[in-house]
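A.B. asks: First, the structure itself, so that you have it in front of you.
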Amino acid sequence: MQEQELRLKLRKIETLFAGAGTQGERAAAEAAIQRIKEKLNKAVKSSPPIEVKFSLGDLWSRQLFLALCRRYELVPYRYARQRHTTVMIKGPQDFIDDILWPEFQALSKELSEYLAHATEKIIREEIHKDTTEAREVVELLESS
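Written out as structure tokens, the structure reads:
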């Protein structure tokens, strides 16, 4: 998958979560973001914000989640002594459950597939063409 394909897929996912029926280029993506922000504003008015804790183990997922939160003006934070993999946000439960988290999962899936493909391609082309897993041998391990 090329970078442009990834960008297009990410825009399509954004449009899907905004509830848009038509697809355009940049203007539609911006309009989709605006619709999601409007949903967030409605959710804030109808239900009080709650604090939610997320554990995001890998750097790419965490960066994506932080950017998505900031896009929707949700301020990510963590408390002193919390792990760097922990992200806290305050927001309406409905918005977090119905829009933010599912959108993050869809975007994360596409980004992970792209990064895995790009990494394998670079390793195969620049280091060694065999990128298969190590073979499994059936031997007893020596006990210490």
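Taking this note's numbering, the leading residue of the sequence shown gets -5, the next gets one more, and so forth.
Built from N, CA and C at the ideal position, the CB exists for glycine as well.
Just so it is clear, the structure is predicted and the values come from calculations on it, not from any experiment.
1) What residue from Val81, Arg56, Ser40 and Tyr73 has the CA that sits closest to Lys47's CA?
2) Using the Cβ count rule (16 or more neighbours within 10 Å means buried), how would you classify Ala128?
3) Counting beta carbon pairs with one atom in the stretch 69 to 86 and one in the stretch 117 to 128, are three or more of them shorter than 8 Å?
4) I need the DSSP call for Thr125, collapsed to helix, strand or coil.
5) Give the list of continuous beta strand (DSSP E) stretches no shorter than 3 residues that lie fully inside the stretch 18 to 91.
6) Ignore the nearest five residues each way along the sequence and tell me which others in Ser102's own chain have a CB closer than 7 Å to its CB.
7) Which residue's Cα is closest to the Cα of Gly51: Ala74, Asp88, Thr79 and Tyr71?
8) Under a three-way DSSP split, which group does Glu107 fall into?
9) Which of the three DSSP states is assigned to Leu135 in this structure?
10) Give me the Cα-Cα distance between Ala61 and Ala112, rounded to the nearest whole angstrom.
11) Rounded to whole angstroms, how far is the Cβ of Tyr71 from the Cβ of Lys31, which I believe are closer than 8 Å?
12) Between the C-alpha atoms of Phe89 and Thr125, what's the straight-line distance to the nearest angstrom?
13) Among Glu114, Glu45 and Leu53, whose alpha-carbon lies nearest the alpha-carbon of Tyr73?
C.D. replies: So, to answer that:
1) Val81
2) Classification for Ala128: exposed.
3) In short, these stretches do not touch, since the Cβ pair count stays below three.
4) coil
5) 43 to 49 and 80 to 86
6) Ser55 and Leu58
7) Thr79
8) helix
9) Reduced to three states, the DSSP call for Leu135 is coil.
10) 22 Å
11) Rounded, the Cβ-Cβ distance is 20 Å, inconsistent with contact.
12) 41 Å
13) Glu45
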